[in-house]
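Asker: Numbering follows our numbering, in which position 27 of the sequence shown is assigned residue number 30; successive positions increment by one, without gaps.
Each residue gets a CB set at the ideal place from its N, CA and C atoms; glycine is no exception.
The structure presented is a predicted model; accordingly, all values stated were derived computationally and were not measured.
First the structure, then my questions, so here it is.
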Amino acid sequence: MFHKIRRNFHFLLIIYTFGLMELDFTYSTDFYSINSSDFAHTCMHLLCTAGEGSFVYREKCYHIVKNDLVVIPSPNKVKNLAAHNDLQVEWFAADYKFLQNQLPSNNYSIGGSISLNQNPIISLTEEQTMHILADFHRLRSRMEDRHLMFYRELMGSLCLTMMYDIFEAHAQRDATENHTDRAGFIVKQLMSLLATGISQTEREVRYYAERLNVSPKYLSETVRRMTGHRVTSFIDRHTIPILKDYLGDERLSLTQIANRMNFSTLSYFSRYCKKQLGVSPQEYRKSKQPNG
Numbered sequence: 004m005f006h007k008i009r010r011n012f013h014f015l016l017i018i019y020t021f022g023l024m025e026l027d028f029t030y031s032t033d034f035y036s037i038n039s040s041d042f043a044h045t046c047m048h049l050l051c052t053a054g055e056g057s058f059v060y061r062e063k064c065y066h067i068v069k070n071d072l073v074v075i076p077s078p079n080k081v082k083n084l085a086a087h088n089d090l091q092v093e094w095f096a097a098d099y100k101f102l103q104n105q106l107p108s109n110n111y112s113i114g115g116s117i118s119l120n121q122n123p124i125i126s127l128t129e130e131q132t133m134h135i136l137a138d139f140h141r142l143r144s145r146m147e148d149r150h151l152m153f154y155r156e157l158m159g160s161l162c163l164t165m166m167y168d169i170f171e172a173h174a175q176r177d178a179t180e181n182h183t184d185r186a187g188f189i190v191k192q193l194m195s196l197l198a199t200g201i202s203q204t205e206r207e208v209r210y211y212a213e214r215l216n217v218s219p220k221y222l223s224e225t226v227r228r229m230t231g232h233r234v235t236s237f238i239d240r241h242t243i244p245i246l247k248d249y250l251g252d253e254r255l256s257l258t259q260i261a262n263r264m265n266f267s268t269l270s271y272f273s274r275y276c277k278k279q280l281g282v283s284p285q286e287y288r289k290s291k292q293p294n295g
């Protein structure tokens with residue numbers, strides 16, 4: 004029998020402000036705190052280390068047992084939490100956009116988000132479980148080092164290590180799944196297009212819809228249904244690393260970068276940078292300088 008007795012919260016919440024970006028990381032062993040509204044903007048990584056439990060996510064019920072990893076980009080949508088008395092979990096959550104920005108454009112997470120949206124549980128081997136737990140504990144041990152000058156970069160590096168360990172396990176699961184239906188095929192074709200780097204110059208949904216011979220509405224609704232995210236979010240996720248690489252090249256002026264990326268005006272380019280990076284292109288460049 005599952006018991007829905009709410010436990011006392013035993014979690015650590017750290018909020019650190021770096022420039023214009025607020026970085027918050029949370030580690031906890033409390034299963035019943037995962038759907039708090041405080042974590043709506045995060046991506047949750049929960050590992051079951053003993054016992055069993057269940058929850059409802061996107062109107063589907065999921066059951067977890069030892070060595071199950073749960074990856075949920077919208078934990079506030081989790082409900083109906085229930086657990087056996089012997090359930091033990093550890094979880095780590097971080098700002099979703101911050102995690103996205105750590106990844107290169109050709110990362111596994113973009114294509115993998117299709118299957119994770121349909122099933123957020125990854126069954127791990129004992130070795131994989133040890134790796135993920137080690138990642139969690141490294142992050143937990145460094146969360147309080149927010150006084151460090153390169154705290155943001157440090158935490159980003161540790162998060163990236165965790166994500167690649169998760170991708171390894173997820174890829175093994177995903178390799179056995181085939182999306183043969185039309186919707187799955189369209190989404191995978193979109194990911195293949197974006198992997199070529201075409202978003203450097205093409206960032207309109209209409210362009211990709213035409214390339215895939217579907218309407219913009221069909222493409223938008225299909226991607227949303229299959230992945231839980233908008234088409235533009237995937238386009239931006241591929242474009243941001245390209246943008247960062249160009250801004251990191253001091254030989255290129257901002258006008259040259261705007262031209263290479265097919266922005267109609269320099270002001271439009273600056274607005275795009277501010278939206279995606281949180282700072283202007285000039286401020287981003289300055290932050291990357293040794294004395295920035």
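Round the Cβ separation of Phe-101 and Leu-142 to the nearest angstrom and send it over; I've been treating them as touching at under 8 Å.
Answerer: One-based indexing of the sequence shown puts residue 101 at position 98. One-based indexing of the sequence shown puts residue 142 at position 139. Not confirmed; about 13 Å, so no contact.
Asker: Where does Lys-82 fall in DSSP's three states?
Answerer: Counted from its first residue, the sequence shown places residue 82 at position 79. Lys-82: strand per DSSP, three-state reduction.
Asker: Assuming the contact rule is C-beta atoms closer than 8 Å, Ile-125 and Val-81 should be a hit. Round their C-beta distance to whole Å, please.
Answerer: In the sequence shown, residue 125 corresponds to position 122, counting from 1. In the sequence shown, residue 81 corresponds to position 78, counting from 1. Not really, about 16 Å apart at Cβ, beyond 8 Å.
Asker: Per DSSP, what are the beta-bridge partners of His-48 in this structure?
Answerer: Here residue 48 refers to the residue found at position 45 when the sequence shown is read from its first residue. Paired residue(s): Val-74 and Phe-95.
Asker: If you draw a straight line from the alpha carbon of Lys-247 to that of Glu-147, how long is it in whole angstroms?
Answerer: Looking up residue 247 in the sequence shown gives position 244. Looking up residue 147 in the sequence shown gives position 144. Whole-angstrom Cα-Cα distance: 28 Å.
Asker: Which residue from His-44, Lys-191, Glu-205 and Ala-174 puts its Cα closest to that of Ala-261?
Answerer: Taking the sequence shown and counting its residues from 1, the one referred to as residue 261 is at position 258. Measuring from the Cα of Ala-261, the nearest candidate turns out to be Glu-205.
Asker: Compute the Euclidean distance between the alpha carbons of Gln-105 and Glu-55, then round it to the nearest angstrom.
Answerer: Within the sequence shown, the letter at position 102 stands for residue 105. Within the sequence shown, the letter at position 52 stands for residue 55. When rounded, the distance between both Cα atoms is 32 Å.
Asker: Report the rounded CA-to-CA distance for Pro-123 versus Ile-169, giving the unit in angstroms.
Answerer: Position 120 of the sequence shown, counted from the first residue, corresponds to residue 123. Position 166 of the sequence shown, counted from the first residue, corresponds to residue 169. Computed Cα separation, rounded: 12 Å.
Asker: Kindly identify the DSSP beta-bridge partner or partners of Val-68.
Answerer: As a working note, residue 68 is residue 65 in the sequence shown. Its beta-bridge partners are Glu-55.
Asker: Report the option in Asp-89, Ser-283, Gly-231 and Leu-196 whose CA atom is closest to the CA atom of Glu-62.
Answerer: Counting from one through the sequence shown, the residue named residue 62 turns up at place 59. Comparing Cα positions, the closest option is Gly-231.
Asker: From Ser-273 to Asn-83, what does the alpha carbon distance come to, in whole angstroms?
Answerer: Locating residue 273 in the sequence shown gives position 270, where the first residue counts as 1. Locating residue 83 in the sequence shown gives position 80, where the first residue counts as 1. The straight-line gap from Cα to Cα measures roughly 44 Å.
Asker: I need the boundaries of the beta strand (DSSP E) containing Ile-125, first residue and last residue.
Answerer: Here the question's residue 125 lines up with position 122 in the sequence shown. Where Ile-125 is concerned, the enclosing beta strand (DSSP E) stretches over 124–126.
Asker: Report the rounded CA-to-CA distance for Leu-2 versus Tyr-211, giving the unit in angstroms.
Answerer: No information on residue 2 is available, as it lies outside the stretch 4 to 295 that the chain covers here.
Asker: So the candidates are Val-208, Arg-155 and Leu-49; which of them puts its Cα closest to the Cα of Asp-33?
Answerer: Here residue 33 refers to the residue found at position 30 when the sequence shown is read from its first residue. The option with the nearest alpha carbon to Asp-33 is Leu-49.
Asker: Can we count Asn-265 as close to the ligand ADP, meaning its CB is less than 7 Å from some heavy atom?
Answerer: In terms of ligand content, the structure shown is empty, and the ligand ADP therefore cannot be addressed.
Asker: Please say whether Leu-250 and Pro-284 have beta carbons closer to each other than 8 Å?
Answerer: For the purposes of this step, residue 284 is taken as residue 281 along the sequence shown, with counting starting at 1. For the purposes of this step, residue 250 is taken as residue 247 along the sequence shown, with counting starting at 1. Yes.
Asker: Going along the chain, which residues of its own chain have a beta-carbon closer than 6 Å to the beta-carbon of Leu-257, five neighbours each way excluded?
Answerer: Residue numbering aside, residue 257 sits at position 254 when the sequence shown is read from its first letter. If we look at Leu-257 and ignore the five residues flanking it on each side, its Cβ neighbours are Pro-284.
Asker: The alpha helix (DSSP H) that contains Thr-199, what's its start and end?
Answerer: Along the sequence shown, read from residue 1 onward, the residue named residue 199 stands at position 196. Neither: Thr-199 is in no alpha helix (DSSP H) and is coded neither H nor E.
Asker: Assuming the contact rule is C-beta atoms closer than 8 Å, Thr-29 and Pro-78 should be a hit. Round their C-beta distance to whole Å, please.
Answerer: By one-based count along the sequence shown, residue 29 stands at place 26. By one-based count along the sequence shown, residue 78 stands at place 75. Their Cβ separation, rounded to whole angstroms, is 10 Å, which puts Thr-29 and Pro-78 out of contact at 8 Å.
Asker: Taking a contact to mean a Cβ-Cβ separation below 8 Å, would you say Val-74 touches Cys-51 in this structure?
Answerer: On the sequence shown, position 71 is the one that residue 74 refers to. On the sequence shown, position 48 is the one that residue 51 refers to. For Val-74 and Cys-51, no; Cβs fall outside 8 Å.
Asker: Looking at the unbroken alpha helix (DSSP H) that takes in Leu-106, where does it start and where does it end?
Answerer: The residue given as residue 106 occupies position 103 in the sequence shown. Element bounds for Leu-106: n/a, residue is neither H nor E.
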